[in-house]
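Student:
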Amino acid sequence: MAKEIAVFLGDDGSSTLLDEPGNIVVFRRAQGSWEIDREKGFSMGRVKGIRELRLNMGEMLQFLDGCRIFVAKSAAGVPFFELEKAGCSVWEFDGKPSEFLEHVWQQEEKERAMEKDQAAPCLPAPEEITPGNFYISIKGIQGNADVTSKQVLQKFIRKGGFRSLVIICSHVPPWIEVEAVSSGLVFETGQSGKNEFRVRIVKMAANG
Numbered sequence: 086m087a088k089e090i091a092v093f094l095g096d097d098g099s100s101t102l103l104d105e106p107g108n109i110v111v112f113r114r115a116q117g118s119w120e121i122d123r124e125k126g127f128s129m130g131r132v133k134g135i136r137e138l139r140l141n142m143g144e145m146l147q148f149l150d151g152c153r154i155f156v157a158k159s160a161a162g163v164p165f166f167e168l169e170k171a172g173c174s175v176w177e178f179d180g181k182p183s184e185f186l187e188h189v190w191q192q193e194e195k196e197r198a199m200e201k202d203q204a205a206p207c208l209p210a211p212e213e214i215t216p217g218n219f220y221i222s223i224k225g226i227q228g229n230a231d232v233t234s235k236q237v238l239q240k241f242i243r244k245g246g247f248r249s250l251v252i253i254c255s256h257v258p259p260w261i262e263v264e265a266v267s268s269g270l271v272f273e274t275g276q277s278g279k280n281e282f283r284v285r286i287v288k289m290a291a292n293g
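Using the numbering used here, read the sequence shown as starting at 86 and increasing by one per residue.
1) Helix, strand or coil for S159? Go by DSSP, reduced to three states.
2) Can you check DSSP and say which residues form a bridge with C254?
3) For P221, list the residues DSSP reports as bridge partners.
4) Just checking, does the stretch 234–246 make contact with the stretch 209–219 on the three C-beta pairs under 8 Å criterion?
5) Do V284 and T274 have their CB atoms nearer than 8 Å?
6) Taking the runs of the beta strand (DSSP E) that are 3 residues or longer, which of them lie wholly in the stretch 105–158?
7) Under 8 Å between the Cβ atoms of I90 and V175?
8) I need the straight-line Cα distance from H256 to I286, nearest angstrom please.
9) Return the chain-ordered list of same chain residues with a C-beta closer than 6 Å to the C-beta of V251, the five sequence neighbours on each side being excluded.
10) At which residues does the alpha helix (DSSP H) containing L238 begin and terminate?
11) Using the Cα positions of K181 and M199, report the straight-line distance between them to the nearest angstrom.
12) Express the C-alpha separation of K235 and G293 in angstroms, rounding to a whole number.
13) Out of V163, E213 and L149, point me to the one whose CA is closest to R123's CA.
14) Quick one: what does DSSP say L186 is sitting in, helix, strand or coil?
15) DSSP beta-bridge partners for K181?
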C-alpha cells in the first residue's frame, strides 16, 4: 500500500469544504516526511444534479489513483458516500496538512493492525489430558491454506512445557520430526487408521 494521503485544500493552504472550490493534493510519505506528489483543481460549484455530481466524483477518484485516505474540512452527502463506496477512509480536519498528516497515518496504521488481528484465524491448541501430557488433532486444518501445522504447533514444541505430546494427523508434516530432534525430544510415529497417523513427541528421561 502506497503511503499516500489526499487532502482537499483551499487557496490559503488549509483544508476546506468539499463543496467549495479547491485543490486535491496527494501527499506521499518518504523517509519520515510528507511531500506533495500530485495535485489537481476541483470544484463542484457549477454541478447540477446527482448524475453530474457523481461524474465529478468519478474524475476525482480517477485522479486519486489508488490513494484511499482522504481529508477535508468537512465531507457530507453524495461526495462522502462516493468516497466511502470507493473504499476511501474519509477524515475531517481543519488546518494545515503538516498539522494532521502524520496523525491520520498513525491512526490508519492502528486500524489496519486491529483489522488484521480480528481477521487472524482462531488456532487450535494442544489439550492437556493428564498433567504434562497433551493431545491435539490437526486433521481438520491440514489442507487449509489459511492455517498451517507450524502455526499451531511450532511454538508449543519449542517451549517444551510438556512430558508428551500426541498429534493425530492425516499426514506427518516433515518439519515436526526436525523440530523434535533438534530440540532433543523423542519422536515416534505410526499409522493409526486409514489416512490417519499418530505422532508422539516425548521428553527424554533425565539421567540418574
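Heads up, the beta-carbon is just placed ideally off N, CA and C, and yes, glycines get one too.
Tutor: Judging by the given coordinates:
1) Collapsing the DSSP output to three states places S159 in a strand.
2) C254 pairs with F282.
3) Looking at the sequence provided, one finds Ile at residue 221 rather than Pro. According to DSSP, which records beta bridges pairwise, I221 is partnered with I252.
4) Yes, the stretch 234–246 is in contact with the stretch 209–219.
5) For V284 and T274, yes; Cβs fall inside 8 Å.
6) Runs of the beta strand (DSSP E) inside the stretch 105–158: 107–115, 118–127 and 154–157.
7) Result no, Cβ atoms of I90 and V175 do not sit closer than 8 Å.
8) H256 and I286: Cα-Cα distance of roughly 16 Å.
9) Excluding sequence neighbours, V251 sits near Y220 and R285.
10) Counting along the chain, the alpha helix (DSSP H) containing L238 begins and ends at S234 to K244.
11) Each residue's Cα considered, the two are about 28 Å apart.
12) Caution is warranted here: a pLDDT of 44 is assigned to G293, below 50, making its placement in the model unreliable, and no coordinate value can be reported.
13) Per the C-alpha coordinates, the member of V163, E213 and L149 positioned closest to R123 is L149.
14) Reduced to three states, the DSSP call for L186 is helix.
15) The partner list for K181 (beta bridge, DSSP) is empty, contrary to what the question assumes.
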